[in-house]
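Q: Heads up: the sequence lines are chains A and B, in that order.
Numbered according to the numbering used here, the first sequence spans residues 6 to 440.
Numbered according to the numbering used here, the second sequence spans residues 6 to 440.
Even for Gly, the Cβ is constructed at its ideal location relative to N, Cα and C.
Questions regarding the structure given below will be posed in turn.
2 protein chains.
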Amino acid sequence: MSEQPRTVRVAILGAGTVGSQVIRLIHERSADLSERCGAQLEISAVVVRNVHAPRDVDIDPELLTTDAAEAIDHADIVIELIGGIEPAREYVLRALNGGATVVTGNKALLAAHGPELYEAAAQADTDLYFEAAVAGAVPVVYGLRESLAGDKISRIVGIVNGTTNFILDSMLNAHASYEQALADAQKRGYAEADPTADVEGYDAAAKCALLASLAFHSRVSMNDVSVEGISQITADDMMEAARTNHVIKLLAVGERCLDDLGNEVINARVHPALVPTGHPLATVDGVYNAVIIEGESAGRLMFYGQGAGGAPTASAVLSDLVAGASHRVHGGHAPRESTYAHLPIIEQGMTRTRYQLRLRVHDDLGVLADVASVFARHGVSIHSVDQRDGEPGAQTTIVIATHCAREADVLAVAEALRQSDAVIDVASLLRMEGE
Amino acid sequence: MSEQPRTVRVAILGAGTVGSQVIRLIHERSADLSERCGAQLEISAVVVRNVHAPRDVDIDPELLTTDAAEAIDHADIVIELIGGIEPAREYVLRALNGGATVVTGNKALLAAHGPELYEAAAQADTDLYFEAAVAGAVPVVYGLRESLAGDKISRIVGIVNGTTNFILDSMLNAHASYEQALADAQKRGYAEADPTADVEGYDAAAKCALLASLAFHSRVSMNDVSVEGISQITADDMMEAARTNHVIKLLAVGERCLDDLGNEVINARVHPALVPTGHPLATVDGVYNAVIIEGESAGRLMFYGQGAGGAPTASAVLSDLVAGASHRVHGGHAPRESTYAHLPIIEQGMTRTRYQLRLRVHDDLGVLADVASVFARHGVSIHSVDQRDGEPGAQTTIVIATHCAREADVLAVAEALRQSDAVIDVASLLRMEGE
C-alpha cells in the first residue's frame, strides 16, 4: 500500500531563530521525515531580507532569495516565519490562493486576519497550520482541533507567554521590582527592547483568541479579548500573594458561560491572577507554558512544555509540515475553520471571577463594618477577610477575597472604597484563579 | 466549500461503562458532532451479550443486538469497547477487512496483535484509531502520532495506570499496607476482583508497548516490555522513600538508547520507581495519568489528565470518531503503522538506570567499606550513601543511591550483598527516576 515517494517543495519565509532551526532539522531528519510524510521534503527556497547576512546554519546560497513571490509560487508548502502583519499576510494569502499548504507561527497575523486566511485556504482547498503560533512546542492547537474534537470544552486557562512568566518569577524569587525584572529579562534576551506586546498582554491575547476560537467553534478576535498586562504588578503584590500561599501569573482564559438571559457566551481575557501555590499552573516557571483544557467529558487536561525558543517552536513547525505533506500525498485535509457555534462575546463588565482586594485602612473601630457594607451594597459577596494586626489609631491592611462576582460590580466596590473615609487606598485588586 | 452532510453509520460493540457514555454523548452532541465531522452520525447497532440486561443509559431496544457480524457488516465505523483478546480481535479484523473504520480502547488487543490489525487496516485502506487505549482522556496517542510527528523522541515516561497509582497513594497518605490499600481500591471499584493485570504491571506494559511503538517508529510488543508490578512494595518502602523526599510511582518508560556497540536500541519497561517529590510526576495522584514525552527539539512535554472512567475515556473515543468520520467524508486517512526505524529491543539486563538500595547491616566498624567494595567489584558507581545512626553492635540501615548502572550489574551487587556476612538483608532495591 506504500506510495512512490514524491517530492514536496517547501519554501521557508524567514531564517531567524525558528527558521534556521527548521532548515537544520529538515536536513538532519530528512530520511525520517520522508518516511513519515510519504514524500521527500525539498527546501526549494529560503526567503530573507538580505541574502548576504550572516546565518546560524549553513544554507545553500542558491536557495537564499529576496523574491518572496517567486519562492511562494513554486512551492507546495510555504512556512511563514517572518512574523508581523505585513508582508506576512500578503505572502500567506498568495500561498493559499495558489493552492499551497501554509504553516505559520504568526499568532498576531492569525488573531487579526484568521477568518480571511481560513477562507482563502478553504476556497483553494488547501490547509492552514499554526501549531507554532501558540505555546511553542506544546501541542494545544492539535489538542483543541483534533484530540478534543469530540468533547464540549467548557474552559481553557493557561500560561502562554514566557517573557511575563519569567519576569513574574524573578519578582517572586529574587524579590526584584518589576523594572529590575524586566531589565534582567531584556538582558537575557527573553524580553524585547520594546516589551509592550509581552508585558501588556497583547501576545497572550492573540494566543487567547486563537485558543478560544478553536475551543468554542466561534470567531474570537484579538479585539474580543479583554487584556490587562503585568506592568502594574509590584514587588509588594508578589510578597502579599506569598503571604496567602499564592503566586501571581499572567493567565489567558477562555470560558463558555451563560449571560443573564441564560444564553451561552464566550468570555476571553488575559490578566494577572493570584494562583494558589498548590495549583498545577503555580509551578509553571521560567519560559515554560502550560494550558489546562476542561472538557465536559474529558475533565481537566493539562499540556505543558517549552513555550518558546528556536528548537521547540521548530518542533511544532515540523509536525505541521509532516501533516501538511501527508495530506498533499495521501489526500484529506486539516480541520478547517469551525465557527458553526457562533457564540457571542460576553458584554463588558459581566465577566464573573473571584477577586482579592488589599486595602490600607485606618485601624479604627468599625472600619471593617464600613468596608463590608460597601461590598454588600454592590452585591459582592465576601468569601474571607484577613485583617492584619495594627497599632490602634494607626493604619492597617485588610485583605478581602470575594466569591465569584461581576467585574463591573467589583470595580464599583473598588471605586466606592477609594471614596470612603475609612479607606486610605486600594493597594491592589487582583483576580483569583482556582479554588 | 461545505459538503452535503451524509450519514455515517456507527456500530458500538459493548455497552458497559465507556460504551454507555459514548452512546449518550453521540445523542447529546449530535448537532455538534455533525458540524465537526461534516456527517450525521447514526448509531446503527449496539452489540451486547444480553439485550435484556439493565443499562445505565436509554438505548433504543431496536439497536440492541447480539449479532456482532451483522452489526459490523452494516457499519461505516465500528467502535470496539468489549475488551479482551477474543472475540474482540475477530470483530476488529472483520470490520477492517470490510473497509470499516475502527475505533478501539483495547490496549491488550493492540499490544498483542497490533501489527496484524494495522496490516488489515492498510490492506483495506481504512483507519484504526486507539486514543482511548492509553491514558483515558489524555491525548498521548495524538501527541505521538501527530503533534510530534516532526520530532525525534528520545524518551517517554508516564504514569498510565490509575489503579496502582491509587493504591500507592493510599499507602503513602494513609500509611496503609499494600494489602489494605488494594482491598480499599477494590471496595471503591478502582481495582478489579482479580487485580493481577493492574498490580503486576501488565496493563501498564501494554500501554508502554503502544507508546514506545509510536514514539520510536518500531514494533514494540507486550513481550518486549520488561515488567515489574507493585505487589512487592511495602509500607516501609513508602516511608523510607518519604525520608529521602521521594514518592514511589509505577512508571512506564520507553527510551531510545545506545547499546555497547553504539547502535540505537529501544528500552521499554514498567516498574515502580523512586520519584523526587519536586518532579512533575510525583504530584500525579489518584486516578490521574500523566505522560512526559521528551523530543530532541521540543524538549520535555507533559500531558496530564484523567486516565480512566466512562466519560474521560468516551471523550477519547469521540475524538477518534470525529477524526474517522471526517476522513470518510473528506478523504485522507489517519497515520498508518510506522515501523520504518525497525529499532531492536535492548538485551535483557543491559538497561541503565539509577538505583537505590536499602540495606540492613550489622553496625560494625568496616561494614561500609565491605559494602562499598561489593559495588566497586561489579562496576557500579555509588552516588550517595546515607548511614543511619545505630547502636554500636546492633543493626543499622544504609541507603545507597547509585549512578546510572546496568541492571545486570546491580542485580549482581544485590546478590553479592545478600551473601555478605556484613549485610543482614537487602530490604529494598528500587530504580530512581529524575535527577
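Count the C-beta pairs between the region 105 to 125 of chain A and the region 135 to 143 of chain A that are closer than 8 Å, then say yes if the count reaches three, no if not.
A: In short, these stretches touch, since the Cβ pair count reaches three.
Q: Determine contact between the region 178 to 198 of chain A and the region 221 to 229 of chain A, defined as no fewer than three beta-carbon pairs at a distance below 8 Å.
A: No, the region 178 to 198 of chain A does not touch the region 221 to 229 of chain A.
Q: Using 8 Å as the cut-off, classify the Cβ of Leu38 (chain A) as near or not near the heavy atoms of the ligand SAM, replying yes or no.
A: The ligand SAM is not part of the structure shown, which contains no ligands of any sort.
Q: Lys254 (chain A): buried (16+ other C-beta within 10 angstroms of its C-beta) or exposed?
A: To locate residue 254 (chain A), count along the first sequence from 1; it is residue 249. By the neighbour-count rule (16 or more Cβ atoms within 10 Å), Lys254 (chain A) is buried.
Q: Does Asp61 (chain A) have its Cβ less than 9 Å from a Cβ in chain B?
A: Counting from 1 along the first sequence, the entry for residue 61 (chain A) is found at position 56. Not one chain B Cβ lies under 9 Å of Asp61 (chain A).
Q: Note down the Cα distance separating Gly354 (chain A) from Val431 (chain A), rounded to an integer number of angstroms.
A: As a position in the first sequence, residue 354 (chain A) is number 349, starting the count at 1. As a position in the first sequence, residue 431 (chain A) is number 426, starting the count at 1. Taking the straight line from one Cα to the other gives about 19 Å.
Q: State the CB to CB distance for the pair Ser302 (chain A) and Ala316 (chain B), rounded to an integer number of angstroms; the pair is presumed to be in contact (CB under 8 Å).
A: Sequence index remark: in the first sequence, residue 302 (chain A) carries index 297 (1-based). Sequence index remark: in the second sequence, residue 316 (chain B) carries index 311 (1-based). Yes, they are in contact, since the Cβ atoms of Ser302 (chain A) and Ala316 (chain B) sit about 4 Å apart, within 8 Å.
Q: Based on Cα-Cα distance, which residue from B:Leu219, B:Val165, B:Ala93, B:His180 lies nearest to Gly155 (chain B)?
A: Residue numbering aside, residue 155 (chain B) sits at position 150 when the second sequence is read from its first letter. It is B:Leu219.
Q: Within the continuous beta strand (DSSP E) that includes Tyr293 (chain B), where are the two ends?
A: On the second sequence, residue 293 (chain B) is found 288 positions in, with the first residue counted as 1. Taken as a continuous stretch (DSSP letters only), the beta strand (DSSP E) holding Tyr293 (chain B) covers 293 to 300.
Q: With which residues is Gly310 (chain B) paired in a DSSP beta bridge?
A: Within the second sequence, residue 310 (chain B) is the residue found at index 305, counting from 1. Looking at the DSSP assignment, Gly310 (chain B) forms a beta bridge with B:Asn294.
Q: Just to confirm the assignment, what range does the alpha helix (DSSP H) spanning Ala273 (chain A) have?
A: Start at 1 with the first residue of the first sequence, and residue 273 (chain A) comes out as number 268. Not the alpha helix (DSSP H): Ala273 (chain A) falls in the beta strand (DSSP E), residues 269 to 281.
Q: Going by DSSP, what residue range makes up the alpha helix (DSSP H) through Ser2 (chain B)?
A: Absent from the structure is residue 2 (chain B), since the part of chain B shown begins at 6 and ends at 440.
Q: What do you get for His79 (chain B), buried or exposed, if any count of 16 or more other CB atoms within 10 angstroms of its CB means buried?
A: For this step, residue 79 (chain B) is matched to residue 74 along the second sequence. Classification of His79 (chain B): exposed, given that the 10 Å Cβ count is below 16.
Q: Can the beta-carbon of Pro454 (chain A) be found less than 9 Å from the beta-carbon of Leu435 (chain A)?
A: The structure shown does not extend to residue 454 (chain A), since chain A is modelled only from 6 to 440, so the question has no answer here.
Q: For Met355 (chain A), which of helix, strand or coil comes out of DSSP?
A: The count along the first sequence starts at 1 and reaches residue 355 (chain A) at position 350. Coil, per DSSP.
Q: How should Gln424 (chain B) be labelled, buried or exposed, when 16 other C-beta atoms within 10 angstroms of its C-beta is the threshold for buried?
A: As a first step, residue 424 (chain B) is located in the second sequence; it is residue number 419 there, counting from the start. By the 10 Å Cβ count, Gln424 (chain B) comes out exposed.
Q: Residues of chain A with CB closer than 9 Å to the CB of Pro144 (chain B), please, in chain order.
A: In the second sequence, residue 144 (chain B) corresponds to position 139, counting from 1. Neighbours of Pro144 (chain B) on chain A, chain order: Pro144, Tyr147, Gly148, Glu151, Ser152, Leu153, Ala303, Leu306, Phe308.
Q: Which residue wins for smallest C-alpha separation from His408 (chain B), given the options B:Arg359, B:Val366, B:Asp394?
A: Along the second sequence, read from residue 1 onward, the residue named residue 408 (chain B) stands at position 403. Out of B:Arg359, B:Val366, B:Asp394, B:Arg359 has the C-alpha closest to the C-alpha of His408 (chain B).
Q: Candidates A:Asp394, A:Val107, A:Gly19: which alpha carbon is nearest Arg60 (chain A)'s?
A: Here residue 60 (chain A) corresponds to residue number 55 of the first sequence, with the count starting at 1. Taking only the C-alpha atoms, the option nearest Arg60 (chain A) is A:Gly19.
Q: I want to see whether chain B comes within less than 9 Å of Leu86 (chain A), judged by CB atoms only; does it?
A: Here the question's residue 86 (chain A) lines up with position 81 in the first sequence. Taking Cβ atoms only, chain B never reaches closer than 9 Å to Leu86 (chain A), which makes this a no.
Q: Between Asp37 (chain A) and chain B, is there a C-beta pair that is closer than 9 Å?
A: For the purposes of this step, residue 37 (chain A) is taken as residue 32 along the first sequence, with counting starting at 1. Closer than 9 Å to some Cβ of chain B, the Cβ of Asp37 (chain A) qualifies, so yes.
Q: Would you give the residue range spanned by the beta strand (DSSP E) that Val56 (chain B) belongs to?
A: Position 51 of the second sequence holds residue 56 (chain B). No beta strand (DSSP E) holds Val56 (chain B); DSSP gives it neither H nor E.
Q: Determine, using beta carbons only, whether Val107 (chain B) and Ala117 (chain B) come nearer to each other than 9 Å.
A: Along the second sequence, read from residue 1 onward, the residue named residue 107 (chain B) stands at position 102. Along the second sequence, read from residue 1 onward, the residue named residue 117 (chain B) stands at position 112. In this structure, Ala117 (chain B) does not lie closer than 9 Å to Val107 (chain B) by Cβ.
Q: If we define contact as Cβ-Cβ less than 9 Å, is Leu187 (chain B) a contact residue for chain A?
A: If you number the second sequence from 1, residue 187 (chain B) lands on position 182. Leu187 (chain B) does not count as touching chain A.
Q: If you drop the 5 nearest sequence neighbours on each side, which residues of the same chain put their C-beta closer than 8 Å to that of Val53 (chain B)?
A: Numbered from 1 along the second sequence, position 48 holds the residue referred to as residue 53 (chain B). For Val53 (chain B), where only same-chain residues beyond five positions count, the Cβ hits under 8 Å are Gly19, Ala20, Leu69, Thr70, Thr71.
Q: Using CA coordinates, which residue listed in A:Leu98, A:Val143, A:Arg94 is at the minimum distance from Val296 (chain A)?
A: The sequence position of residue 296 (chain A) within the first sequence is 291, counting from 1. Checked all of A:Leu98, A:Val143, A:Arg94; the closest Cα to Val296 (chain A) is A:Val143.
Q: For Lys212 (chain A), write down the residues that DSSP places opposite it in a beta bridge.
A: In the first sequence, counting from the first residue as 1, residue 212 (chain A) sits at position 207. Lys212 (chain A) is not bridged to any residue.
Q: Kindly list the residues whose CB is nearer than 8 Å to the CB of Ile238 (chain A), restricted to its own chain and excluding five residues on each side of it in sequence; keep chain order.
A: Residue 238 (chain A) sits at position 233 when you count from the first residue of the first sequence. Correct list, in chain order: Leu173, Met176, Tyr183, Ile253, Pro277.
Q: Which two residues bound the contiguous beta strand (DSSP E) that contains Cys262 (chain A)?
A: Here the question's residue 262 (chain A) lines up with position 257 in the first sequence. From DSSP, the beta strand (DSSP E) with Cys262 (chain A) extends over 251 to 263.
Q: Can you pull the chain B neighbours of Gln311 (chain A), defined as C-beta to C-beta under 9 Å?
A: Taking the first sequence and counting its residues from 1, one reaches residue 311 (chain A) at position 306. Those within 9 Å of Gln311 (chain A) in chain B are Ala303, Gly304, Arg305, Leu306.
Q: Which residues, in chain order, does the region 55 to 79 of chain A contribute to contact with chain B at a C-beta distance below 8 Å?
A: Hits within the stretch: zero.
Q: Which residues mark the beginning and the end of the alpha helix (DSSP H) in which Ala384 (chain B) is found?
A: In the second sequence, the residue the question calls residue 384 (chain B) occupies position 379. The sequence given here places Gly at residue 384 (chain B); Ala does not occur at that position. Gly384 (chain B) -> no alpha helix (DSSP H), and no H or E assigned at all.
Q: Give me the subset of the region 157 to 185 of chain B whose CB atoms are less than 7 Å from a CB atom of chain A, sorted by chain position.
A: Listed in sequence order: Lys157.
Q: What are the boundary residues of the alpha helix (DSSP H) that includes Asp242 (chain B)?
A: Residue mapping note: residue 242 (chain B) aligns to position 237 of the second sequence, counting from 1. Segment 240 to 248, the alpha helix (DSSP H) holding Asp242 (chain B).
Q: Pull up the DSSP beta-bridge partners for Leu46 (chain B), would you.
A: As a first step, residue 46 (chain B) is located in the second sequence; it is residue number 41 there, counting from the start. According to DSSP, Leu46 (chain B) bridges with B:Val13.
Q: Could you check where the alpha helix (DSSP H) with Ile172 (chain A) kicks off and where it finishes?
A: Indexing the first sequence from 1 puts residue 172 (chain A) at position 167. Segment 167 to 178, the alpha helix (DSSP H) holding Ile172 (chain A).
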